[in-house]
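Asks:
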Amino acid sequence: MSASFNDQLVAVLPRLRRFARGLTGSAVEADDLVQAACERALARTHQFQPGTRFDSWMFRIVQTVWIDQLRARETRRTESEDEALGAGTDEPSRRVEARMALKEVQAAIAVLPAEQRVALLLVTVEGLSYREAAEVAAVPVGTIMSRLARARMALLAKLGGDALRGSTEDAKAE
Amino acid sequence: MQRPSDEILIAYLDGELDKHETLEIIKELAHDDRLQAHAERLNASARLIRAAYDEVLRESVPERLIAAARGERGLNAVQRALAWLARSRMVLGERPWWIGVPVAAALAGLMLGGGLGYVAGTEQSASLTAQQDLVTAGAGANWLDSIAGYHKLFVKAGTNDRALMDVPADASGDAARKVGQLPPDFRLPNLKPWSLEFQGARLLMIDGQPATQLFYTTDNKSLGALTFVEAESSKADLAPTFDRREDLNILYWRHHGHAYALVGAADIGYLWNIYNDIAWQLDAI
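Protein chains in written order, with the working numbering: chain A, 1 to 174; chain B, 1001 to 1285.
#1: Taking the alpha carbon of B:ILE1268 as the reference point, which residue from B:GLY1071, B:ALA1259, B:PHE1242 has its own alpha carbon closest?
#2: Given a cut-off of 8 Å on the beta-carbon distance, is the pair A:LEU33 and A:THR45 in contact?
#3: Per the DSSP calculation, B:TRP1253 is bridged to which residue(s)?
#4: Answer with buried or exposed for B:HIS1020, where buried requires no fewer than 16 other C-beta atoms within 10 angstroms of its C-beta.
#5: Which chain A residues are close to B:ALA1210, counting only those with a beta carbon under 8 Å from its beta carbon?
#6: Where B:ALA1037 and A:ALA101 are concerned, what is the direct C-alpha to C-alpha distance, given to the nearest angstrom?
#7: Is there a C-beta anywhere in chain B that falls below 8 Å from the one on A:ALA149?
#8: Indicate whether B:ARG1064 and B:LEU1144 have their beta-carbon atoms separated by less than 8 Å.
#9: Would you say the region 118 to 132 of chain A touches the region 146 to 155 of chain A, given that touching needs at least three Cβ pairs under 8 Å?
#10: Is A:LEU112 buried or exposed, if buried means 16 or more other CB atoms sit within 10 Å of its CB?
#11: Below 8 Å, how does it come out for the region 1219 to 1234 of chain B and the region 1191 to 1198 of chain B: are there three or more Cβ pairs, yes or no?
#12: So A:ASP55 contacts chain B; which residues on that side make the cut at Cβ distance below 8 Å?
#13: Under 7 Å Cβ-Cβ, which residues of chain A neighbour B:GLY1149?
#14: In terms of alpha-carbon separation, which member of B:TYR1260, B:HIS1256, B:ALA1157, B:ASN1273 lies closest to A:ARG71?
#15: Quick one: using the 10 Å Cβ neighbour count with 16 as the cut-off for buried, is B:TRP1280 buried or exposed?
#16: Using a Cβ-Cβ distance cut-off of 8 Å, determine whether A:LEU119 contacts chain B.
#17: Out of curiosity, what's the CA-to-CA distance linking A:GLU105 and B:ALA1052?
#18: Taking 8 Å as the CB-CB limit, is B:GLY1071 close to chain A?
#19: Nearest to A:LEU156 by alpha carbon, out of B:VAL1056, B:LEU1048, B:ASP1018, B:ASP1054?
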């Protein structure tokens, strides 16, 4: 195994954690997932094709491991992260409100069907093209497009109101 | 042109349409205020979605993940540990330094070699000076988070996943000794009286410290899988202390330069009893 392979893996860890956090909805489960994915990747380095995107390959492994875990057990989403917010914090109230709004978004994403969540996280959060996301998810581009649209519309309906108004005003202020 | 579908509008906002389709949407947006407002709301929601996970990128990556990405476990770590031990013998004399000290010290010493190899990235750094410089493991929140995380990893993997085990499940340690993975006087805590079967051990880096996690399973559902962690520590002795991580109970303590922890979903009463047994065994070894 080459050092550059390990270096690439270390470099992509923050994004893998973000992707895994979106999939699992839990910081602890996300890190467990990323660790398992790293170990699987290192055991299958020969399957990576040089010249292709390393991050996409790793996203695919994270997704595969996650699906394996979902099949093996029922996911238990921890509420500890939500409980950690609020009481006892000395953050300015506006920042706490903003964090609460982001938690609302995470919660809304967490209840999307798994395949929609994958499409949303790959395209909207990780910035993959539809074609790249389709390769990661092993589905046609059209399927990614429709799953993504369903996810985006569901979130739009759920978030609606204040969160989006605030976000739009922020954008205009920029 | 008909009012574009949500799918097409989102694809436009994502820059996924070709030139011709893009121009069509731009024209439509120019004279349809409602469509424009809808597009703005979609853009705003995309910003929120991205922002919801931005914080993860700013968090420091847990050391166990970096170690996993570097492949710093398993035989490589053991080989470095043995290389370090060989050099240590040259410094300290021919007598293997672990002889005559408790098994936990011997095992922690082995792990220390592997850990140094990881921390510095080169074998040259595995010196006694570096050993003294190491911040030793205690029982901080990160340490407990990590060992709870590793326990869950074992449980999720199940006993059939041997890839996680650096040291094979052999209660006597004979197999491990034969392949030179463990010091000759290595002994495992025997938890068979609790119907706990040793499944294997893993060499870990937790908070920058080498540690060994021993994994046990049982058919007793009220007890469940259990891991026992040993690590080096320079902190003062600590009486057994209880903590929790999600649905896991943790009992940790420090004794004579070592930090220990028991992790499992078992009732705390079980953990106390097993602690008493292990403490007695380690003192007796």
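By construction, the Cβ of each residue, glycine as well, lies at the ideal position given by its N, Cα and C atoms.
Replies: So, from the data block:
#1: As a first step, residue 1268 of chain B is located in the second sequence; it is residue number 268 there, counting from the start. Measuring from the Cα of B:ILE1268, the nearest candidate turns out to be B:PHE1242.
#2: Counting from 1 along the first sequence, the entry for residue 33 of chain A is found at position 33. Counting from 1 along the first sequence, the entry for residue 45 of chain A is found at position 45. Going by C-beta atoms, A:LEU33 is not nearer than 8 Å to A:THR45.
#3: Start at 1 with the first residue of the second sequence, and residue 1253 of chain B comes out as number 253. Note: B:TRP1253 sits in a beta bridge opposite B:TYR1260.
#4: Against the second sequence, residue 1020 of chain B aligns to sequence position 20. Per the 10 Å Cβ criterion, exposed.
#5: For the purposes of this step, residue 1210 of chain B is taken as residue 210 along the second sequence, with counting starting at 1. Reading off the sequence, residue 1210 of chain B comes out as Pro, not Ala. Correct list: empty, because the minimum Cβ distance to chain A is about 17 Å.
#6: Locating residue 1037 of chain B in the second sequence gives position 37, where the first residue counts as 1. Locating residue 101 of chain A in the first sequence gives position 101, where the first residue counts as 1. Near 22 Å, if we compare the C-alpha coordinates of A:ALA101 and B:ALA1037.
#7: For the purposes of this step, residue 149 of chain A is taken as the residue at position 149 of the first sequence. Yes, contact with chain B.
#8: Counting from 1 along the second sequence, the entry for residue 1064 of chain B is found at position 64. Counting from 1 along the second sequence, the entry for residue 1144 of chain B is found at position 144. Cβ atoms of B:ARG1064 and B:LEU1144: not closer than 8 Å.
#9: yes
#10: As a working mapping, residue 112 of chain A is identified with position 112 in the first sequence. By the neighbour-count rule (16 or more Cβ atoms within 10 Å), A:LEU112 is buried.
#11: yes
#12: For the purposes of this step, residue 55 of chain A is taken as residue 55 along the first sequence, with counting starting at 1. Chain B residues near A:ASP55: none, gap ~13 Å exceeds 8 Å.
#13: Counted from its first residue, the second sequence places residue 1149 of chain B at position 149. Within 7 Å Cβ-Cβ: VAL28, ASP31, ASP32.
#14: Taking the first sequence and counting its residues from 1, one reaches residue 71 of chain A at position 71. Of the candidates B:TYR1260, B:HIS1256, B:ALA1157, B:ASN1273, the one whose C-alpha sits nearest the C-alpha of A:ARG71 is B:ALA1157.
#15: Here the question's residue 1280 of chain B lines up with position 280 in the second sequence. So B:TRP1280 ends up on the exposed side.
#16: Locating residue 119 of chain A in the first sequence gives position 119, where the first residue counts as 1. Sequence check: residue 119 of chain A is Ala here, not Leu. Not an interface residue.
#17: Against the first sequence, residue 105 of chain A aligns to sequence position 105. Against the second sequence, residue 1052 of chain B aligns to sequence position 52. First, the amino acid is wrong: residue 105 of chain A is Val here, not Glu. Those two C-alpha atoms are separated by around 6 Å.
#18: By 1-based counting over the second sequence, the position of residue 1071 of chain B is 71. Taking Cβ atoms only, chain A reaches closer than 8 Å to B:GLY1071, which makes this a yes.
#19: In the first sequence, the residue the question calls residue 156 of chain A occupies position 156. Among B:VAL1056, B:LEU1048, B:ASP1018, B:ASP1054, the Cα nearest to that of A:LEU156 is on B:LEU1048.
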